[in-house]
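J.: Residue numbers (my numbering): 7 to 146. First the structure, which I've put down as structure tokens, then a few questions once you've had a look.
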């Protein structure tokens with residue numbers, strides 16, 4: 007099987023790691039996938055959760071234990087922040103809106119990452135940070 011592509015947005019916070027953790031906890035509250043009563047951190051310490059993610063996944067931000075910088079070359083189940091150059095490749099002004107992100111994904115000017123990987127970037131409204139876009143591909 008090949009991985010399943012997915013995309014979503016979450017609220018912006020200056021601390022992008024905190025924003026990522028917040029959107030993960032919100033997603034977990036919506037659907038705990040049968041792993042009740044645990045935080046995201048607890049889940050990633052559970053071998054059963056790791057197997058669940060790596061053999062199928064949730065198709066959400068829950069598929070990644072943490073966010074890494076765009077320049078980090080580690081493979082694996084990580085949410086990676088796009089570099090400025092990567093953003094400017096599809097949003098030359100460097101402050102993409104939701105509509106630009108959506109259009110770039112639809113036109114494939116912006117690709118989905120490989121299996122068991124995710125990407126994210128800040129989205130702007132009226133020139134100000136407004137949301138964070140998350141998109142990825144499940145491990146299965």
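The beta-carbon is built from N, C-alpha and C at its ideal position, and this holds for glycine as well.
As an exercise, report each continuous beta strand (DSSP E) stretch of at least 3 residues that is fully enclosed by the segment 61-108, in chain order.
T.: 84-87, all fully within the segment 61-108.
J.: Should residue 106 go down as buried or exposed, given a rule of 16 or more other Cβ atoms within 10 Å for buried?
T.: As a first step, residue 106 must be located in the chain shown, where it is residue number 100. So residue 106 counts as buried.
J.: At the level of alpha carbons, what is the spacing between residue 40 and residue 28?
T.: Locating residue 40 in the chain shown gives position 34, where the first residue counts as 1. Locating residue 28 in the chain shown gives position 22, where the first residue counts as 1. Rounded to whole angstroms, residue 40 to residue 28 spans 20 Å at the Cα level.
J.: Answer yes if the segment 123-138 comes into contact with the segment 44-64, meaning at least three C-beta pairs across the two stretches below 8 Å, and no otherwise.
T.: No: fewer than three Cβ pairs fall under 8 Å.
J.: Alpha carbon to alpha carbon, how far is residue 9 from residue 15?
T.: Translated into the one-based positions of the chain shown, residue 9 becomes position 3. Translated into the one-based positions of the chain shown, residue 15 becomes position 9. Using only the alpha carbons, I get a separation of about 20 Å.
J.: Using the Cβ count rule (16 or more neighbours within 10 Å means buried), how would you classify residue 142?
T.: Working through the chain shown from its first residue, we reach residue 142 at position 136. Under this definition residue 142 is a buried residue.
J.: Please name the residue in 97, 25, 11, 69 whose C-alpha comes closest to that of residue 37.
T.: As a first step, residue 37 must be located in the chain shown, where it is residue number 31. Closest option to residue 37, Cα to Cα, is 69.
J.: Which residue spans inside the segment 40-64 form an unbroken alpha helix (DSSP H) run of at least 4?
T.: Correct list: 46-50, 53-60.
J.: To the nearest angstrom, how far is the alpha carbon of residue 185 from that of residue 131?
T.: The shown model of the chain, from 7 to 146, leaves out residue 185, and the question about it has no answer.
J.: Inspect the CB distances between the segment 84-97 and the segment 107-120 and report whether three or more fall short of 8 Å.
T.: Verdict: yes, contact present.
J.: Within a Cβ cutoff of 8 Å, which residues of the same chain sit near residue 73, ignoring the five residues on either side of it in sequence?
T.: Locating residue 73 in the chain shown gives position 67, where the first residue counts as 1. 22, 23, 26, 84, 85, 86, 87, 126.
J.: Start and end of the alpha helix (DSSP H) containing residue 20?
T.: The residue given as residue 20 occupies position 14 in the chain shown. Here residue 20 belongs to no alpha helix (DSSP H), and DSSP marks it neither H nor E.
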